[in-house]
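Residue numbers (this note's numbering): 1330 to 1502. Don't be surprised by glycine CBs; every beta carbon is placed ideally from N, CA and C. Computed from a predicted structure; not experimentally measured.
Encoded structure:
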């Protein structure tokens, strides 16, 4: 089971807060045929934290995410009784160092109160040089164009030349 913890950083105070550890998701519970239940895959659970901007919102999101997990029963052989685990909502807690979290995955979210939304265009340039026999430059370009459209030249990451980033719309609402 994958152990995941979500960390919230309050950009005003710099304080870090951790969710309880989330163990597994719907797919993992089904794969391992566990007695507990989770009704969502991790990406759906993570959506509970979308748009979190305050500690209160983080705490509420943590509670909603925990509700995807249903209690399960284990048999306590020493006491000769069944014991229900899970079901209670665990609190968010303050931490002083992320390295103390021992989960398999740690996801960090920050409040975005002072941030603006921007659209940024990413342009990658891929370059390939090919050789063709032709009567003139125009025919050579046409042959390569035709061959490229037929899928004879496939450019991939090995043909990477450079990349540029350009803000195209600033301060979107």
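Simplified DSSP assignment, three categories, for residue i
i	result
residue 1501	Note that residue 1501 has pLDDT 49, beneath the 50 cutoff, so the model's placement of it is unreliable and no number is given.
residue 1356	helix
residue 1459	coil
residue 1366	strand
residue 1429	helix
residue 1374	helix
residue 1496	strand
Residue i, enclosing beta strand (DSSP E) - first and last residue
i	result
residue 1338	1332–1338
residue 1397	It is not in any beta strand (DSSP E) - residue 1397 carries neither H nor E in the DSSP assignment.
residue 1473	Element bounds for residue 1473: not the beta strand (DSSP E) but the alpha helix (DSSP H), 1466–1478.
residue 1439	1434–1439
According to DSSP, residues forming a beta bridge with residue i
i	result
residue 1345	1338, 1424
residue 1491	1454
residue 1351	1333
Cβ-based neighbour list, residue i, same chain, cut-off 6 Å, excluding 5 preceding and 5 following
i	result
residue 1374	1394, 1397
residue 1432	1332, 1333, 1334, 1350
Burial state of residue i, where buried means 16 or more other Cβ atoms lie within 10 Å
i	result
residue 1342	exposed
residue 1463	exposed
residue 1359	exposed
residue 1491	exposed
residue 1485	exposed
residue 1380	exposed
residue 1522	The chain is shown from 1330 up to 1502; residue 1522 falls before or after that span and cannot be answered.
residue 1387	buried
Spatial neighbours of residue i in its chain, beta-carbon cut-off 8 Å, leaving aside the 5 residues before and after
i	result
residue 1449	1494, 1495, 1496, 1497
Other residues of its chain near residue i: CB distance less than 7 Å, five sequence neighbours each side excluded
i	result
residue 1418	1392, 1395
residue 1482	1457, 1459, 1476
residue 1455	1484, 1488, 1489, 1490
residue 1377	1390, 1393, 1394
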